[in-house]
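6 is the number of the first residue of the sequence shown in my numbering; add one for each residue after it.
A quick write-up on the structure given underneath.
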Amino acid sequence: MLRRFSPTLVSFSGSLLKSESVFVLERPDRSLLLVDAGLDPSATHLFHGFAALGDEALTRLSLIVFTHRHPDHIGGLPALLSALGGRSIPLVAHEHTAEHFSEFLPEPSRNTIHITRTVKHDEYVDATLKLRAIHTPGHTFGHLCLLLEEERILLAGDLFMRLFGLLHPVFKKYHDDFSLWRQTLSTVLDYDWDYAIPTHRKPVRLPRKRVERFIQRMTRHK
Ligand SMILES: [Zn+2]
């Protein structure tokens, strides 16, 4: 299902069971930037989403950035790259995500695809869109949130999730380092944004005040 959040930003979501979203950003020249690639190795909801954006949308895909390397964020990558028919595009992530990235890809593509450009904390992933990387290690050591500065929207990745109407950490067993997650969680509050959208469950815009209250609750007892 395709949802539009702003003139620049849409999301594609899978079925209820495959409850993760990917995000697509459009530059003024109409080229497209994808955030994450979902769980499904056949990338079905990515192809449906691109088809809904227009017949030639996939040909306009020009960069993919990953919030982190978990299989539900990179699983659709091999199928998607195959569909580009050999056209190579930058694959962007934090250096810690790049380190073991290809080990997390589904078979038979494991160890065959690698991150081609790393991005550091506070750098632009894309200067045209003013899409800034915010390094928030803990969920994984390379986890990035992505700030769409001009539209004041934070793509929060797995920094938290909304479950039964409440904000929660992503399940503890999926964290590389839960205490590091708590220590770095408030980094996103150093930046200006009005809404955050996490990857999992129905993609909705969460007002900043609500995210602030969650972060205060999580960081109160260190
Ligand atoms: Zn994750």
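For glycine and all other residues, C-beta sits at the position ideal for the given N, C-alpha and C.
Checking the sheet assignment: what are the DSSP bridge partners for residue 39? Indexing the sequence shown from 1 puts residue 39 at position 34. DSSP output for residue 39 lists 29, 69 as bridge partner(s).
Please state whether the Cβ-Cβ distance between residue 165 and residue 173 is less than 8 Å. The residue labelled residue 165 in the question sits at position 160 within the sequence shown. The residue labelled residue 173 in the question sits at position 168 within the sequence shown. Yes, these two residues count as a Cβ contact at 8 Å.
Which parts of the region 54 to 127 are runs of the beta strand (DSSP E), unbroken and 3 residues or longer, counting only runs that do not cross its ends? 66 to 70, 96 to 98
Environment of residue 209 [buried if 16+ CB atoms lie within 10 Å]: For the purposes of this step, residue 209 is taken as the residue at position 204 of the sequence shown. Exposed, because fewer than 16 other Cβ atoms sit within 10 Å of the Cβ of residue 209.
How about residue 200 and residue 218: do their beta carbons lie closer than 8 Å? Along the sequence shown, read from residue 1 onward, the residue named residue 200 stands at position 195. Along the sequence shown, read from residue 1 onward, the residue named residue 218 stands at position 213. Result no, Cβ atoms of residue 200 and residue 218 do not sit closer than 8 Å.
Ligand 1: which residues have Cβ under 7 Å from any of its heavy atoms, chain order? 73, 75, 77, 78, 144, 145, 163, 175, 179
Can at least three beta-carbon pairs, one atom from the region 70 to 88 and one from the region 100 to 115, be found at a separation below 8 Å? yes
Is it the case that the Cβ atoms of residue 68 and residue 156 are separated by a distance below 8 Å? Taking the sequence shown and counting its residues from 1, the one referred to as residue 68 is at position 63. Taking the sequence shown and counting its residues from 1, the one referred to as residue 156 is at position 151. No, they are not a contact pair.
Going by alpha carbons, who is nearest to residue 44 out of 92, 34, 36, 18? Taking the first residue of the sequence shown as 1, we reach residue 44 at position 39. Comparing Cα-Cα distances from residue 44 to each of 92, 34, 36, 18, the minimum goes to 18.
Considering just the uninterrupted stretch of the alpha helix (DSSP H) at residue 185, what are its terminal residues? For the purposes of this step, residue 185 is taken as residue 180 along the sequence shown, with counting starting at 1. Element bounds for residue 185: 183 to 189.
Neighbour-count burial assignment, residue 222, 16 or more Cβ in a 10 Å radius: Here residue 222 refers to the residue found at position 217 of the sequence shown. Under this definition residue 222 is an exposed residue.
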